[in-house]
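Here's the structure we're looking at; comments come further down.
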Amino acid sequence: MAGIQLERLTKVFGATRAVDGIDLTIPDGEFVVLVGPSGCGKTTTLNMIAGLEAPTAGDIWIGAARVTDWEPGERSLGMVFQSLALFPHMTVFDNIAFPLRIKRVAAEEIARRVRTVSDTVHVGHLLGKRPATLSGGEAQRVALARTLVVQPTVFLMDEPLSSLDAKLRVEMRTELKRLHAALRSTFVYVTHDQAEAMTMADRIVVMHQGRIQQVGRPLEIYGDPANRFVAGFFGVPAMNFVEGELRPDTNGARFVAQALGATLPGQSIVAGPASLGIRPEHVRLADGRESWPATVSLIEPLGDETLVFLDYGGPASLVAKVDAEEKLAVGDRRSFTLRLDRVLLFDGTTGGRIMG
Ligand SMILES: Nc1ncnc2c1ncn2[C@@H]1O[C@H](COP(=O)(O)OP(=O)(O)O)[C@@H](O)[C@H]1O
Ligand SMILES: [Mg+2]
44 MAGIQLERLT KVFGATRAVD GIDLTIPDGE FVVLVGPSGC GKTTTLNMIA GLEAPTAGDI
104 WIGAARVTDW EPGERSLGMV FQSLALFPHM TVFDNIAFPL RIKRVAAEEI ARRVRTVSDT
164 VHVGHLLGKR PATLSGGEAQ RVALARTLVV QPTVFLMDEP LSSLDAKLRV EMRTELKRLH
224 AALRSTFVYV THDQAEAMTM ADRIVVMHQG RIQQVGRPLE IYGDPANRFV AGFFGVPAMN
284 FVEGELRPDT NGARFVAQAL GATLPGQSIV AGPASLGIRP EHVRLADGRE SWPATVSLIE
344 PLGDETLVFL DYGGPASLVA KVDAEEKLAV GDRRSFTLRL DRVLLFDGTT GGRIMG
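Here the sequence shown is numbered in this note's numbering, starting from 44 and rising by one per residue.
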């Protein structure tokens with residue numbers, strides 16, 4: 044078992060700062076998800092932890108050891124990649140046994156460990172098969188088993204579910220979480236999928252342009268984002284943003300935008316350009332002390348809830364997530380309110396969060 048520490052970790056490829064001086068402490072046994080859009084430096088970070096890529100600057104610690112210059116094989120890590128790379132000519136048993144055979148582990152010990160690991164990831168009944176005859180989910184489990192069998196202290200996974208179909212991906216999320224609960228090893232999991240990050244992580248590390256934007260528990264990141272990038276990255280559909288201006292007001296601050304103005308009690312007075320952020324589930328179809336008229340321009344039933352696009356006179360429509368029972372038709376005139384306690388404000392220039 045071991046935790047991981049990254050100190051000012053940097054990787055430069057030519058003119059690209061792929062990873063730009065990140066500091067991160069991952070306690071032993073934590074399930075950490077690195078998440079961010081394509082090209083933000085996730086894979087490069089993971090490869091540096093694995094020893095597959097040498098840092099330009101900075102240090103990596105695993106447990107008490109500074110491993111920055113160590114070979115991958117010396118770091119006792121298990122890595123699962125996006126592409127499975129099972130050996131097609133070998134049985135499932137031989138695929139899982141392969142890393143142990145390289146280490147010249149005795150045959151009875153190999154048989155015992157392959158059996159234990161196969162039970163853990165539910166592939167015990169597939170040991171005689173060849174990879175070509177497996178479903179996507181089965182092949183993914185075999186790849187996991189092959190990593191597990193060497194009993195690594197740290198698991199590194201780079202988008203391991205991205206080749207699976209949507210339903211299987213959701214099932215495997217649950218299985219990986221169970222596996223982590225059973226093993227209590229340190230998991231570092233990379234994905235561009237915010238839903239995977241939210242559902243699996245003990246802690247999420249949000250990356251953008253080679254830098255860490257925020258580190259926090261899933262609901263912290265969702266409810267209390269550090270900046271506009273993080274706010275917009277999490278949540279489906281995405282948070283609504285309205286561009287406007289903040290002005291001092293006797294009750295706090297007043298946000299003023301085209302066709303929408305709201306007094307935000309308790310907000311400190313920072314005058315200047317600002318964006319108001321509000322999640323779809325915090326827009327209500329109701330009259331209130333401050334409500335605004337809108338035309339329903341589009342309706343998207345999700346089954347359990349319904350998305351309603353509201354044209355209120357601003358430059359873009361506002362999306363509300365409402366009860367599926369709500370009676371609605373395109374063209375309806377409806378009033379909406381915002382849950383003012385859930386409104387977030389961002390600096391109109393930097394995108395940084397303006398805290399009340
Ligand atoms: N071997 C490489 N040579 C040059 N540029 C690279 C190399 N690997 C990654 N990059 C660049 O570094 C940035 C981060 O890449 P990567 O870590 O793969 O991002 P992610 O995994 O988040 O999609 C990207 O701009 C990518 O083009
Ligand atoms: Mg990647």
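Every residue, glycine too, gets a C-beta built ideally from N, C-alpha and C.
Could you check whether the Cβ of residue i sits closer than 8 Å to any heavy atom belonging to ligand 2?
i, result
"S360", "no"
"T59", "no"
"D201", "yes"
In this structure, how does DSSP classify residue i when only helix, strand and coil are distinguished?
i, result
"P268", "coil"
"P316", "strand"
"L226", "helix"
"P174", "helix"
"F277", "coil"
"L95", "coil"
"G304", "strand"
"D366", "strand"
"E152", "helix"
"G116", "helix"
"E263", "helix"
"N90", "helix"
"P131", "coil"
"G1", "This structure does not reach residue 1, given that the chain is present from 44 up to 399, and the question cannot be answered."
"V185", "helix"
"D208", "coil"
"A108", "strand"
"L169", "helix"
"L387", "strand"
"G84", "coil"
"L400", "Outside the shown range of the chain (44 to 399) lies residue 400, about which nothing can therefore be said."
"N294", "coil"
"V213", "helix"
"E239", "helix"
"V192", "coil"
"V164", "coil"
"E202", "coil"
Report whether the distance from the Cβ of residue i to the nearest heavy atom of ligand 1 is below 8 Å.
i, result
"H235", "yes"
"M250", "yes"
"P80", "yes"
"G64", "no"
"G84", "yes"
"T88", "yes"
"G94", "no"
"G253", "yes"
DSSP puts residue i in a beta bridge; with which residues?
i, result
"D245", "None, per the DSSP bridge assignment."
"S378", "P336"
"R144", "According to DSSP, which records beta bridges pairwise, R144 is partnered with nothing at all."
"M250", "I255"
"E288", "V299 and P316"
"K54", "V62"
"R103", "Going by the sequence as given, residue 103 is Ile instead of Arg. I103 pairs with L49."
"V197", "L120 and T229"
"L353", "V339 and L361"
"N283", "I321"
"V78", "T234 and V249"
"A329", "A329 pairs with nothing; no bridge assigned."
"P344", "T349"
"L67", "L49"
"G394", "In DSSP, G394 forms no bridge with anything."
When you measure from the CB of residue i to every non-hydrogen atom of ligand 4, does any distance come out below 8 Å?
i, result
"K54", "Ligand 4 is not among the ligands present in this structure, which contains only ligand 1 and ligand 2."
Quick check: the segment 325 to 334 against the segment 238 to 257, are there 3 or more CB pairs under 8 Å?
Of all C-beta pairs linking the segment 325 to 334 to the segment 238 to 257, fewer than three are shorter than 8 Å, placing the two stretches out of contact.
Three CB pairs or more closer than 8 Å across the segment 90 to 107 and the segment 126 to 143
Judged by Cβ distances under 8 Å, the segment 90 to 107 makes no contact with the segment 126 to 143, as fewer than three pairs qualify.
Under 8 Å: do the segment 148 to 155 and the segment 219 to 228 share three or more Cβ pairs, one atom per stretch?
No, the segment 148 to 155 is not in contact with the segment 219 to 228.
Kindly confirm or deny that the segment 97 to 111 and the segment 275 to 287 touch, where touching means at least three C-beta pairs closer than 8 Å.
By the C-beta criterion, the segment 97 to 111 is judged not to be in contact with the segment 275 to 287, since fewer than 3 inter-stretch pairs fall below 8 Å.
Is the segment 199 to 207 in contact with the segment 231 to 247, if contact means three or more CB pairs nearer than 8 Å?
Yes, since at least three Cβ pairs between the segment 199 to 207 and the segment 231 to 247 fall closer than 8 Å, the two stretches touch.
Take every Cβ of the segment 373 to 387, pair it with every Cβ of the segment 335 to 345, and state whether three or more of those distances are shorter than 8 Å.
The segment 373 to 387 vs the segment 335 to 345: in contact.
If contact is defined by three or more beta carbon pairs under 8 Å, each pair taking one atom from either stretch, is the segment 313 to 327 in contact with the segment 381 to 388?
At 8 Å Cβ cutoff, the stretches touch.
Could you tell me whether the segment 263 to 277 touches the segment 336 to 355, using the rule of 3 or more Cβ pairs below 8 Å?
Between the segment 263 to 277 and the segment 336 to 355, the count of Cβ pairs shorter than 8 Å is below three; the stretches do not touch.
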